[in-house]
Amino acid sequence: AAGAVGGFAVQLATARGLRVVGVAAAQDEQLVRDQGAVWFVDRSEPLAAGIRALIGDGVDGLYDPALAGAAALAAVRDGGVYVNGYPVAPEPERGIRTEGVQVAADGVRLTELVGLVEQNRLRLRLAETYPLAEAATAYKRLAAGGVRGGIVLVP
Numbered sequence: 001a002a003g004a005v006g007g008f009a010v011q012l013a014t015a016r017g018l019r020v021v022g023v024a025a026a027q028d029e030q031l032v033r034d035q036g037a038v039w040f041v042d043r044s045e046p047l048a049a050g051i052r053a054l055i056g057d058g059v060d061g062l063y064d065p066a067l068a069g070a071a072a073l074a075a076v077r078d079g080g081v082y083v084n085g086y087p088v089a090p091e092p093e094r095g096i097r098t099e100g101v102q103v104a105a106d107g108v109r110l111t112e113l114v115g116l117v118e119q120n121r122l123r124l125r126l127a128e129t130y131p132l133a134e135a136a137t138a139y140k141r142l143a144a145g146g147v148r149g150g151i152v153l154v155p
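Now the structure itself:
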């Protein structure tokens with residue numbers, strides 16, 4: 001929840017009135033809470049145990065951009081929903097529905113996002129900038145992980 005994708009997910013969920021458990025490295029707890037997370041779980045702890053210690057039956061829904069898979073599914077309550085960017089088999093015996101996330105051009109959604117930025121309900125975090133000529137370096141930095149916000153290439 002401290003990276004760019006997870007950070008947006010926390011902010012978008014809270015903008016819709018959801019209460020969020022953020023999962024990240026211990027040193028990022030304040031950042032995750034500042035984005036709107038009510039609860040925090042250190043990612044070095046077992047995910048399901050950490051979430052269930054806070055919310056006994058597990059969460060109603062879980063977005064898993066880090067692809068924790070089975071560990072994340074174990075944190076979802078029976079009858080809940082699990083969302084990530086890749087196909088995952090549902091868990092019919094627990095009534096867990098699985099959903100995928102797809103990126104698509106959508107003017108209505110883009111307008112909604114711009115509105116949230118204008119209302120300061122969605123904050124953009126710029127982590128680093130690189131000249132366009134250093135795009136390969138920027139990509140390597142992103143792939144290495146630990147970036148807390150977006151990386152922007154400038155002409």
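For the sequence shown, our numbering assigns the number 1 to the initial residue and increments by one for each residue that follows. Each residue gets a CB set at the ideal place from its N, CA and C atoms; glycine is no exception. Predicted, not measured: the structure shown is a model, and the values here were computed from it.
Cutoff 6 Å; reference residue i; Cβ partners in own chain excluding five residues on either side
i, result
"L132", "L153, P155"
"R121", "A15"
"P92", "none"
Cα-Cα separation between residue i and residue j, rounded to whole angstroms
i, j, result
"R43", "G146", "13 Å"
"Y63", "E134", "32 Å"
"L142", "G22", "21 Å"
"Q11", "T111", "16 Å"
"V108", "T137", "34 Å"
"A144", "A53", "31 Å"
"E45", "L31", "18 Å"
"Y130", "A13", "30 Å"
"R148", "G36", "16 Å"
"E118", "G17", "18 Å"
As assigned by DSSP and simplified to three states, the class of residue i
i, result
"I151", "strand"
"G58", "coil"
"R77", "strand"
"V103", "coil"
"A135", "helix"
"D42", "strand"
"L161", "The structure shown does not extend to residue 161, since the chain is modelled only from 1 to 155, so the question has no answer here."
Same chain, Cβ closer than 8 Å to residue i, five either side skipped, listed in chain order
i, result
"G150", "A4, L124, R125, L126, A127"
"L47", "V23, V41, A68, A71, A72, A74, A75"
Residue from the options whose Cα sits closest to the Cα of residue i
i, options, result
"E99", "T111, V83, E91, P92", "V83"
"A25", "A2, A89, T14, A136", "A2"
"P87", "R94, A48, V101", "V101"
"G85", "L116, T129, A104", "A104"
"V81", "I96, A89, A9", "I96"
Beta-carbon contacts of residue i that lie in its chain and below 7 Å, excluding the five residues immediately before and after
i, result
"E192", "Here the chain comprises residues numbered 1 to 155, so residue 192 is not present and cannot be evaluated."
Next on the checklist: Check whether the stretch 76 to 89 and the stretch 58 to 66 are in contact - that is, three or more C-beta pairs closer than 8 Å.
Outcome noted: yes
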